[in-house]
Amino acid sequence: MAMLEPYRHLSRRQQAPSYATAAILTPRAAEPVTGLWRAVRQRDILGSAIASATILSKAAPIFLSNIPFRSTLTWDAHLVCAWTCKIATRKSSDNGR
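Heads up: the sequence shown is residues 0 to 96, going by numbering that gives the first Met the number 0.
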């Protein structure tokens with residue numbers, strides 16, 4: 000996303016040719032936090048949504064690690080998912096013949 004950000008800015012704004020040079024030469028954000036800050040300052044909804052999702056995905060394992068796990072409760076769901084994937088994979092490979 001960071002690689003395409005200058006071109007998105009060029010496509011949505013009709014300004015002077017000097018803006019084109021400034022948009023392409025803009026430094027890219029290397030971290031999601033700085034990307035979020037830059038997207039909020041530039042009022043970029045897509046960039047801020049992607050940066051926010053990235054920040055939340057980094058914090059999700061910390062919050063989800065406290066969920067208790069019992070194999071007796073999740074085994075049935077695991078079997079259903081595993082067999083569904085196997086059936087879907089087999090049907091898609093049969094269609095290729």
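We treat Cβ as the ideally placed atom computed from N, Cα and C, and that holds for glycine. The structure presented is a predicted model; accordingly, all values stated were derived computationally and were not measured.
How far does the alpha helix (DSSP H) with residue i in it reach, from first residue to last?
i   : result
S64 : S64 -> no alpha helix (DSSP H), and no H or E assigned at all.
A38 : 31–40
Beta-carbon within less than 7 Å of residue i's beta-carbon, same chain only, minus the 5 sequence neighbours each way: which residues are those?
i   : result
A38 : G46, S47, A50
R89 : none
When you compare the CB positions of residue i and residue j, do they come within less than 8 Å of one another, or not?
i  : j   : result
E4 : R40 : no
**OP:** Please confirm if the stretch 23–33 is in contact with the stretch 49–60, defined as three or more CB-CB distances below 8 Å between the two stretches.
**Re:** yes
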